[in-house]
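Positions in the sequence shown are counted from 1; adding 3 to them yields the numbering used here.
Just so you know, even glycine gets a beta-carbon here, dropped at the ideal spot from N, CA and C.
Have a look at the structure below before the remarks.
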Amino acid sequence: MMDILIKSFNRPFYLDRCLNSIHSFVSGDYRMSILDDGTPQKYLDKIQEKYPSVKIFKSENHSKKVQAIKENLENRKEINGFQIPTQLWYNAAKNASDYFIMTEDDVWFSREINTDELSKEVQEYNINLLKLGWLGSSKDEQWQEVKEINHAINAIKPKDLFLSHPLIMDWFFYNRLKFFSILYKLGKVDNQTKLRYWTLNSILMGLWKKEYWLYIWKDAKGKVDEKQQLRNAAVYYNRFGKENPNFTAQLKNEAMLTTFQSSATNSYHKYSSDFDVNIFNHIINEAWYNGDFDAMENFPNDFSMDYFIHFIKDKMNIEAFKNWVEQFKEQYRKQGCKVD
Numbered sequence: 004m005m006d007i008l009i010k011s012f013n014r015p016f017y018l019d020r021c022l023n024s025i026h027s028f029v030s031g032d033y034r035m036s037i038l039d040d041g042t043p044q045k046y047l048d049k050i051q052e053k054y055p056s057v058k059i060f061k062s063e064n065h066s067k068k069v070q071a072i073k074e075n076l077e078n079r080k081e082i083n084g085f086q087i088p089t090q091l092w093y094n095a096a097k098n099a100s101d102y103f104i105m106t107e108d109d110v111w112f113s114r115e116i117n118t119d120e121l122s123k124e125v126q127e128y129n130i131n132l133l134k135l136g137w138l139g140s141s142k143d144e145q146w147q148e149v150k151e152i153n154h155a156i157n158a159i160k161p162k163d164l165f166l167s168h169p170l171i172m173d174w175f176f177y178n179r180l181k182f183f184s185i186l187y188k189l190g191k192v193d194n195q196t197k198l199r200y201w202t203l204n205s206i207l208m209g210l211w212k213k214e215y216w217l218y219i220w221k222d223a224k225g226k227v228d229e230k231q232q233l234r235n236a237a238v239y240y241n242r243f244g245k246e247n248p249n250f251t252a253q254l255k256n257e258a259m260l261t262t263f264q265s266s267a268t269n270s271y272h273k274y275s276s277d278f279d280v281n282i283f284n285h286i287i288n289e290a291w292y293n294g295d296f297d298a299m300e301n302f303p304n305d306f307s308m309d310y311f312i313h314f315i316k317d318k319m320n321i322e323a324f325k326n327w328v329e330q331f332k333e334q335y336r337k338q339g340c341k342v343d
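Here it is as structure tokens:
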């Protein structure tokens, strides 16, 4: 049996879509778990009622996060989106199947996969990370050796990575002792060098070998630190993966999609003071809870903008929403992602 672990926070309308997509497109022997960091209980109750087989695990700060949502709605106090439940995620991964899928509530399956087949293949070919989606971006291919494994999977071996023992990799990613700066002045690295290491990682759409995921996240202490993740990934790869041509791989056809029209909080996408994504989420959450919002509208693509606007048009500045979405999309267009 394969575990599908879903990180979640206060967007049950997307969580519903995610879970529904699993029922629609995922076959095989699997179980779903929600790792929730503060979604109000009434929403979780509705999710549990609709998906009785799903297990819901709450973070240690769950009640505080629920209170933070309440305070935001009452007095616009910002929710700290940089504080994340890494211990909840780590414990769930530690207790999961040897290979598991780690995803988030605003990600959904868009193509059929079979967990039994994928589990067999990642073990047979010694794949430590199989990417099920990559936001439609082909940018990373310039830093990869792509080789067919079988009819459905390509190996993506990173090219020309600087690799060393943990201390040196710590200097490299954090520029301690000006190590990276010295390499830059010597012409050994450039501003895109660290992007090469993302071949070794996946935040939203990965099927992982447990030991590898646990190593990447072993130092996480309640906050997002992508440098730390990439450092640990590079150290692990140097020790156990660089001689393995199939260490990282991806499906030939993406099987997962995500949104560029909503965010869990304002923390990462504060483009304008005229649009508050927390208010937006609350409006859509309530419409979903009351049975007025269809979580599968326009599926398997993202919700249509006009559908969102129908629910917020009398409560929010529509032009501010459109501008916010466009800035969100543009941020990822620049990274080579397909956002429409």
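(request) Could you pull out every residue in the same chain whose Cβ sits closer than 7 Å to the Cβ of PHE175, ignoring the five residues on either side in sequence? (result) Residue 175 sits at position 172 when you count from the first residue of the sequence shown. Result list for PHE175: PHE165, PHE182 and PHE183, in chain order.
(message) Can you give me the C-alpha to C-alpha distance between TYR33 and ILE130, rounded to a whole angstrom?
(response) Residue numbering aside, residue 33 sits at position 30 when the sequence shown is read from its first letter. Residue numbering aside, residue 130 sits at position 127 when the sequence shown is read from its first letter. TYR33 and ILE130: Cα-Cα distance of roughly 19 Å.
(message) Buried or exposed for GLY190, going by 16 or more other Cβ atoms inside 10 Å?
(response) Counted from its first residue, the sequence shown places residue 190 at position 187. It is exposed - the Cβ of GLY190 has fewer than 16 other Cβ atoms within 10 Å.
(message) Suppose you measure from the CA of LEU18 to the CA of ILE185; what does that come to, to the nearest Å?
(response) Here residue 18 refers to the residue found at position 15 when the sequence shown is read from its first residue. Here residue 185 refers to the residue found at position 182 when the sequence shown is read from its first residue. Rounded to whole angstroms, LEU18 to ILE185 spans 46 Å at the Cα level.
(request) Would you grab the beta carbon distance between GLU148 and LYS162 for me? Rounded to a whole angstrom, and I think it's under 8 Å. (result) For the purposes of this step, residue 148 is taken as the residue at position 145 of the sequence shown. For the purposes of this step, residue 162 is taken as the residue at position 159 of the sequence shown. The Cβ separation is near 6 Å, so the contact holds.
(request) Kindly indicate which three-state DSSP category ILE106 falls into: helix, strand or coil? (result) Here residue 106 refers to the residue found at position 103 when the sequence shown is read from its first residue. A quick correction: the sequence has Thr, not Ile, at residue 106. Here THR106 sits in strand by DSSP.
(request) Determine the direct distance from the alpha carbon of PHE331 to that of ASN83, and round the result to whole angstroms. (result) Locating residue 83 in the sequence shown gives position 80, counting from the first residue. Locating residue 331 in the sequence shown gives position 328, counting from the first residue. Those two C-alpha atoms are separated by around 19 Å.
(request) Assess, as a yes-or-no matter, whether the region 257-266 is touched by the region 230-238 under the definition of 3 or more beta carbon pairs within less than 8 Å. (result) no
(request) Determine which residues share a DSSP beta bridge with ASP39 and list them. (result) Against the sequence shown, residue 39 aligns to sequence position 36. Paired residues: SER11 and LYS61.
(message) Measuring straight from C-alpha to C-alpha, what distance separates LYS230 and TYR177?
(response) Residue mapping note: residue 230 aligns to position 227 of the sequence shown, counting from 1. Residue mapping note: residue 177 aligns to position 174 of the sequence shown, counting from 1. About 7 Å.
(request) Just the C-alpha distance for PRO363 and SER307, rounded to the nearest angstrom, thanks. (result) Outside the shown range of the chain, which is 4 to 343, sits residue 363, and nothing can be said about it.
(message) Per the DSSP calculation, ILE159 is bridged to which residue(s)?
(response) Along the sequence shown, read from residue 1 onward, the residue named residue 159 stands at position 156. DSSP output for ILE159 lists VAL149 as bridge partner(s).
(message) Can you tell me where the alpha helix (DSSP H) holding GLN232 begins and where it ends?
(response) The residue labelled residue 232 in the question sits at position 229 within the sequence shown. Per DSSP, GLN232 belongs to the alpha helix (DSSP H) from 229-239.
(request) Classify LYS33 as helix, strand or coil using the three-state DSSP reduction. (result) To locate residue 33, count along the sequence shown from 1; it is residue 30. Note on residue identity: the sequence assigns Tyr, not Lys, to residue 33. Three-state result, TYR33: strand.
(request) Since I believe PHE314 is in contact with ILE286 (beta carbons under 8 Å), could you give me their beta-carbon distance rounded to a whole number of angstroms? (result) On the sequence shown, residue 286 is found 283 positions in, with the first residue counted as 1. On the sequence shown, residue 314 is found 311 positions in, with the first residue counted as 1. Going by Cβ atoms, the distance from ILE286 to PHE314 rounds to 6 Å, so yes, they are a contact pair.
(request) Quick one: residues in its chain with C-beta nearer than 7 Å to the C-beta of ASN117, no 5 flanking neighbours on either side, listed in chain order? (result) Walking along the sequence shown from the start, residue 117 turns up at place 114. If we look at ASN117 and ignore the five residues flanking it on each side, its Cβ neighbours are SER30 and GLY31.
(request) Closer than 8 Å by C-beta to SER11: which residues in its own chain qualify, once you throw out the five before and the five after it? Chain order, please. (result) In the sequence shown, the residue the question calls residue 11 occupies position 8. LEU18, ILE37, LEU38, ASP39, ASP40, THR42, GLU107 and ASP108.
(message) By the three-class DSSP mapping on this structure, what secondary structure does PHE183 have?
(response) Stepping through the sequence shown from its first residue, residue 183 is reached at position 180. PHE183: helix per DSSP, three-state reduction.
(message) Could you pull the DSSP bridge partners for ILE116 from this structure?
(response) Taking the sequence shown and counting its residues from 1, one reaches residue 116 at position 113. Paired residue(s): VAL29.
(request) Would you list the one or two residues that DSSP bridges to THR251? (result) Start at 1 with the first residue of the sequence shown, and residue 251 comes out as number 248. Answer is LEU132, bridged to THR251.
(request) With DSSP collapsed to three states, give me the class of MET319. (result) Residue 319 sits at position 316 when you count from the first residue of the sequence shown. Coil, per DSSP.
(request) Enumerate in chain order the residues of its own chain whose CB-to-CB distance from PHE250 is below 6 Å, with the five nearest sequence positions on each side excluded. (result) Here residue 250 is taken as the residue at index 247 of the sequence shown, counted from 1. Cβ neighbours of PHE250 beyond the five flanking positions: ASN131 and GLY244.
(message) For LEU121 and GLN90, what's the separation of their Cα atoms in angstroms?
(response) Position 118 of the sequence shown, counting from 1, holds the residue named residue 121. Position 87 of the sequence shown, counting from 1, holds the residue named residue 90. Spanning the two alpha carbons is a distance of roughly 27 Å.
(request) Pick helix, strand or coil for GLN338, following the three-state DSSP scheme. (result) On the sequence shown, residue 338 is found 335 positions in, with the first residue counted as 1. Three-state result, GLN338: coil.
(request) Give the DSSP bridge partners of GLN86, in chain order. (result) On the sequence shown, residue 86 is found 83 positions in, with the first residue counted as 1. Partner(s): LYS226.
(request) With DSSP collapsed to three states, give me the class of LEU164. (result) Mapped onto the sequence shown, residue 164 falls at position 161. The answer is coil: DSSP assigns LEU164 none of H, G, I, E or B.
(request) Closer than 6 Å by C-beta to ASN75: which residues in its own chain qualify, once you throw out the five before and the five after it? Chain order, please. (result) Along the sequence shown, one-based indexing puts residue 75 at 72. Here the set comprises ILE82 and ASN281.
(request) Drop a sphere of 10 angstroms on the beta-carbon of ILE312, count the other beta-carbons inside from all chains shown, and report buried for 16 or more, exposed for fewer. (result) Along the sequence shown, one-based indexing puts residue 312 at 309. ILE312 comes out exposed.
(message) By the DSSP assignment, the beta strand (DSSP E) with LYS191 in it spans what residues?
(response) Here residue 191 corresponds to residue number 188 of the sequence shown, with the count starting at 1. That residue, LYS191, is in no beta strand (DSSP E); it is neither H nor E in DSSP.
(request) Note the first and the last residue of the continuous alpha helix (DSSP H) segment covering TRP174. (result) Within the sequence shown, residue 174 is the residue found at index 171, counting from 1. Taken as a continuous stretch (DSSP letters only), the alpha helix (DSSP H) holding TRP174 covers 169-177.
(request) Can you give me the start and stop residues for the alpha helix (DSSP H) that LYS273 sits inside? (result) Looking up residue 273 in the sequence shown gives position 270. That residue, LYS273, is in no alpha helix (DSSP H); it is neither H nor E in DSSP.
(request) Closer than 7 Å by C-beta to LEU47: which residues in its own chain qualify, once you throw out the five before and the five after it? Chain order, please. (result) Numbered from its first residue, the sequence shown carries residue 47 at position 44. Correct list, in chain order: ASP39 and ILE59.
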